[in-house]
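Participant: Quick one: the structure is below, questions incoming.
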Amino acid sequence: MTTTSTPSTVTQAQERYAASLMNTFGPPKLQLVRGEGAHVWDADGNEYVDYLGGIAVNALGHAHPALVEAVATQLGTLGHVSNFFTTGPQLDLAEKLLELVGGGTRAEGRVFFTNSGTEANEAAFKLTRRTGRTHVVATEGGFHGRTMGALALTSKEAYRTPFEPLPGDVTFVPYGDADALAAAVTDETAAVLVEPIQGEAGVVVPPEGYLAAARAVADEHGALLWIDEVQTGMGRTGRWLASEGVRPDVVTLAKGLGGGFPIGACIGLGDAGALLQPGNHGTTFGGNPVACAAGLAVIATIESEGLLERATVLGRRLREGLGADARVTEVRGAGLMIGLDLGEDAAAEVVAAGLAHGFVLNNTTPRRIRLVPPLVLTEADADALLAAWPRILDDAFAALAAGKDS
Ligand code: PLP
Numbered sequence: 351m352t353t354t355s356t357p358s359t360v361t362q363a364q365e366r367y368a369a370s371l372m373n374t375f376g377p378p379k380l381q382l383v384r385g386e387g388a389h390v391w392d393a394d395g396n397e398y399v400d401y402l403g404g405i406a407v408n409a410l411g412h413a414h415p416a417l418v419e420a421v422a423t424q425l426g427t428l429g430h431v432s433n434f435f436t437t438g439p440q441l442d443l444a445e446k447l448l449e450l451v452g453g454g455t456r457a458e459g460r461v462f463f464t465n466s467g468t469e470a471n472e473a474a475f476k477l478t479r480r481t482g483r484t485h486v487v488a489t490e491g492g493f494h495g496r497t498m499g500a501l502a503l504t505s506k507e508a509y510r511t512p513f514e515p516l517p518g519d520v521t522f523v524p525y526g527d528a529d530a531l532a533a534a535v536t537d538e539t540a541a542v543l544v545e546p547i548q549g550e551a552g553v554v555v556p557p558e559g560y561l562a563a564a565r566a567v568a569d570e571h572g573a574l575l576w577i578d579e580v581q582t583g584m585g586r587t588g589r590w591l592a593s594e595g596v597r598p599d600v601v602t603l604a605k606g607l608g609g610g611f612p613i614g615a616c617i618g619l620g621d622a623g624a625l626l627q628p629g630n631h632g633t634t635f636g637g638n639p640v641a642c643a644a645g646l647a648v649i650a651t652i653e654s655e656g657l658l659e660r661a662t663v664l665g666r667r668l669r670e671g672l673g674a675d676a677r678v679t680e681v682r683g684a685g686l687m688i689g690l691d692l693g694e695d696a697a698a699e700v701v702a703a704g705l706a707h708g709f710v711l712n713n714t715t716p717r718r719i720r721l722v723p724p725l726v727l728t729e730a731d732a733d734a735l736l737a738a739w740p741r742i743l744d745d746a747f748a749a750l751a752a753g754k755d756s
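For the sequence shown, our numbering begins at 351 and goes up steadily by one.
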């Protein structure tokens, strides 16, 4: 008699995925079927606490009633119009974003809505060209997206090389080094582009005063200061914008803005808000009323549920607790944007062990863990990870050692 093992749901999903989706992301780890708060469930019925949050996207977690209601109501009222028309949600969200960027008082500026972070950065890149200058200074380790323009501003060789030539005239300088920035920016520079905290690099925090120094250098040469808050914005770091206190000319947002509904924004402040004129740029879906209603619901809920404060408090608690284990050699971040360095290249093993223990974690490099959970994470969710952490590390380092031995 022969026995055949029944393939798991994950294996079946991976086979179907491989047969019908382009292999740009590698095999999916799981097939997820539903979520609630900061928890998700897979097709086999296993529950996980989601410390990835769709890569810093699900600010309100999963299936938040306020977001569901806003999206459903708007879709049932007016789901899409072209950009020949405007809608209430579009006007409201643009005004609200200008208020947030102005620190509570409406900043003078204008918004261009997109569907993603890379598109927000494409819009900003084109905006910088309207200064009449082409040179952009960006940072090593920075990540701005995968479309050709955003990729041109992203330093990672592995992402760039297969697609060269990319739009040129970009200088990369070491991140966090204000002197290097000052040396690279000239009177021909259109813009200085920085993330307030580098996300894809593994949550890299620059020295105190770096953004202010970038502002000063840009001013000295008449260049724009463009701050990419796609990952850090919308409360992720415990503040609406991680760059609060420094005046940008351009801010780009996406990820948390729609809480899972695709939306991005390029915000031009002061004169920069008038650089793109009719015919210079466009989009079919950007500024869609459903996406804007989602953005408004996210902002209202962050305010009503005190999620900035929660991100600050729980982030501190997680950083202290997770960093207390000697196998963690460095802890970085702000709010619920947390980077952990391991003494060894064990990050992939930590992610695998995390999943086995019921936690979705993320590694950005072989030894760096990134945690960007929903802002609705509860104290119980934080305590659950803190309690499981030593065992996750035990299993991960055991797997690493076993791998080295074999
Ligand atoms: N900018 C930053 C700082 C990001 O972290 C990302 C995505 O990770 C992007 C831009 C690109 O955003 P998207 O993936 O929505 O195109």
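For every residue, glycine included, the Cβ atom is placed at its ideal position computed from N, Cα and C.
Computed from a predicted structure; not experimentally measured.
1. Can you tell me whether Thr478 is helix, strand or coil according to DSSP?
2. Of all the CB atoms in chain C, is at least one closer than 9 Å to the CB of Glu445?
3. Excluding the five sequence neighbours on either side, which residues of its own chain have a C-beta within less than 8 Å of the C-beta of Met351, listed in chain order?
4. With a cut-off of 8 Å on the beta carbons, I'd call Pro716 and Ala737 a contact; round off their distance for me.
5. Is the closest heavy atom of the ligand FAD to the C-beta of Arg496 under 8 Å?
6. Which ranges does the alpha helix (DSSP H) cover as unbroken runs of at least 4 residues, wholly within the segment 524 to 567, from first to last along the chain?
7. Can you determine whether any heavy atom of the ligand PLP sits closer than 8 Å to the C-beta of Asn712, and answer yes or no?
8. Might you give, ordered along the chain, the residues of its own chain that have their beta carbon closer than 6 Å to the beta carbon of Thr728, omitting 5 neighbours on each side?
9. Determine the direct distance from the alpha carbon of Leu561 to that of Asp527, and round the result to whole angstroms.
10. Given 8 Å as the limit, tell me if Gly549 has its C-beta closer than that to any heavy atom belonging to the ligand PLP.
11. Determine the DSSP secondary structure at Asp392, reduced to helix, strand or coil.
12. Look up Asp691 in the DSSP assignment and give the residues it is bridged to.
13. At a cut-off of 8 Å, is Asp400 close to the ligand PLP when judged by its beta-carbon and the heavy atoms of the ligand?
14. Does the ligand PLP have even one heavy atom less than 8 Å from the beta-carbon of Gln581?
15. What are the boundary residues of the beta strand (DSSP E) that includes Arg460?
16. Please report the Cβ distance between Gln548 and Val542, rounded to the nearest whole angstrom; I am assuming they are in contact, meaning their Cβ atoms lie under 8 Å.
Facilitator: Let me lay it out:
1. helix
2. No chain C is present in this structure, which holds just one protein chain.
3. Note that Met351 scores a pLDDT of 45, beneath 50, so its modelled location is shaky and nothing firm can be said.
4. Actually they do not touch by this definition, with Cβ atoms about 26 Å apart.
5. Absent from the structure shown: the ligand FAD. Ligands present: the ligand PLP.
6. 528 to 534
7. no
8. none
9. 10 Å
10. yes
11. strand
12. Glu680 and Arg718
13. no
14. yes
15. Gly459 to Thr464
16. At roughly 15 Å, the Cβ-Cβ gap does not stay under 8 Å, so Gln548 and Val542 are not in contact.
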